[in-house]
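Numbering (my numbering), first residue to last: -1 to 443. What follows is one structure encoded as structure tokens, with my remarks underneath.
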């Protein structure tokens, strides 16, 4: 008997922005639903802060400077500092869980699938920094603010999408979320390395010991918020005292949670905690931070300064040009080198529109604005104004690009959501499943 001919090497190319597995699609829908509501609240908080700061500036400043907390523990901090260091730690805690889950159960678990969003995130950080550095290379520049335009604000971006791009296909939303998760990790590394000073090693060592205890208790299956919440606060307070930015404690604790499911579990502990904490982060922590951070004076002279001075202009160009071209160009090049094939239902123009959405930098960009210019409030406010204007320009451009394809997106979303038989599973997840063979009927050959 002749042996079969050798199999031809597979030439099938991996699809980029293809349909998500059903469990991942449902998890993504739940996460995006919460973040979208939070994004709308964030927009409301930012507008409120601008109205408050421009209508009653002295009242706004007095609230920011109001101090509260125990002096004996060196935690008698202003409300602005509590928002920057405390509330954003909750935001980064959720970001840490998201990153851990992506590595063990999401897009980042597969190196070939992870390559594109990781390259997109890295190039989407590098190019804005380069654009800012070039704009500030002259004598009147302020190169210390290079990191301000590097961050993507997923909540603000989703808030914009909720208003203008509600039919964006889930694959594009998943790419944006995965990109933002990696972006958050890079942002926290930048903050830890470049914006920490005067390190107190005794406090840092105790904070790290607390993280080890946190990990041991979690791994041994110990439960109880009454134990972990006080421990988390101690870890955070020691990290704050050490001189390392306190938000590092939040992302570290998120990364320590177990995010893979064991036998008999419907949710991993990390997924369960994320489900509980995400509404607090998106609906309370980030909007309150925005209320205390986004209040900058907007006037014709301030807008003129943004477009005529090197530092704020570098931020605007970094967000609008650097972010968009960095993410789009990095993804396109990575797809070419990895031979990934774009989903035929989408086009590169769709990715360009999403890259523009990712140029919306708000939460972390505002935080870095304060860290970059801690002793110059004028420069910090000018940087914040540039972040707001740059983000607004990205939102406007993205709105135009998304509206041009909205009818196509609506058709794709209707196909994704159609459930003709009402069994709770969209038809697109059943159309490729082979039907069981028909049993022969009695009396028939």
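Backbone N, C-alpha and C define an ideal beta-carbon position, used for all residues, glycine too. In this text the structure is predicted, and so the values were computed from the model without any measurement.
- Straight-line measurement puts the Cα of residue 183 at about 30 Å from the Cα of residue 307.
- Here the alpha carbons of residue 261 and residue 291 stand approximately 45 Å from one another.
- If you draw a 10 Å sphere on the C-beta of residue 72, you find fewer than 16 other C-beta atoms in it, and that means exposed.
- Of the residues assessed, residue 121 falls on the buried side of the cut-off, its CB having 16 or more other CB atoms within 10 angstroms.
- In the three-state DSSP reduction, residue 110 falls in the helix class (H, G or I).
- Per DSSP, the beta bridge partners of residue 66 are 75.
- Per DSSP, residue 412 has no beta bridge partner at all.
- Contact annotation: residue 147 and residue 390 have beta-carbon atoms that are not nearer than 8 Å.
- For residue 138, there is no enclosing alpha helix (DSSP H), as DSSP marks it with neither H nor E.
- With fewer than 16 other Cβ atoms inside 10 Å of its own Cβ, residue 227 counts as exposed.
- In the three-state scheme derived from DSSP, where H, G and I count as helix and E and B as strand, residue 344 is classed as coil.
- A direct Cα-Cα distance of roughly 38 Å separates residue 235 from residue 111.
- For residue 368, DSSP records no beta bridge to any residue.
- Per the Cβ contact rule, the region 276 to 295 is in contact with the region 42 to 60 (3 or more Cβ pairs under 8 Å).
- In the DSSP annotation of this structure, the continuous segment of the alpha helix (DSSP H) that includes residue 277 starts and ends at 267 to 278.
- For the set 221, 309 and 323, the Cα lying nearest the Cα of residue 376 is the one of 309.
- 167 is the residue among 373, 272, 191 and 167 whose C-alpha sits nearest the C-alpha of residue 341.
- Apart from sequence neighbours up to five positions away, the residues of its chain that approach residue 192 with a beta-carbon distance below 7 Å are 145, ordered along the chain.
- Looking only at 331, 92 and 204, the smallest Cα-Cα distance to residue 274 is reached by 92.
- Note that the region 312 to 329 touches the region 119 to 139; at least 3 beta-carbon pairs, one per stretch, sit closer than 8 Å.
- Exposed is the label assigned to residue 210, since fewer than 16 other Cβ atoms lie within 10 Å of its Cβ.
- Looking at 58, 175, 250 and 42, the one whose alpha-carbon comes closest to that of residue 207 is 250.
- Within the model, the alpha-carbon separation for residue 85 versus residue 38 is close to 18 Å.
- Along the region 227 to 309, the alpha helix (DSSP H) occurs as fully enclosed runs of 4 or more residues at 245 to 254, 267 to 278, 284 to 291 and 298 to 306, listed in sequence order.
- Annotation: the continuous alpha helix (DSSP H) that includes residue 184 extends over 168 to 192.
- Around residue 138, the same chain offers 308 as residues with beta carbons nearer than 6 Å, after the five sequence neighbours per side are excluded.
- Straight-line spacing of the CA atoms in residue 179 and residue 79 works out to 24 Å.
- One alpha carbon belongs to residue 386, the other to residue 214, and they sit about 42 Å apart.
- The C-beta of residue 380 has 16 or more other C-beta atoms within 10 Å across all chains shown, which makes the residue buried.
- For residue 346, the closest C-alpha among the options 322, 409 and 220 is that of 322.
- Taking residue 101 as the centre and dropping the five residues before and after it, the same chain places the C-beta of 107 closer than 7 Å to its C-beta, in chain order.
- Per the coordinates, the alpha-carbon of residue 268 lies some 14 Å from the alpha-carbon of residue 220.
- Across the set 412, 409 and 404, the C-alpha of 404 shows the shortest separation from the C-alpha of residue 159.
- Under the DSSP definition of a beta bridge, residue 100 lacks any partner.
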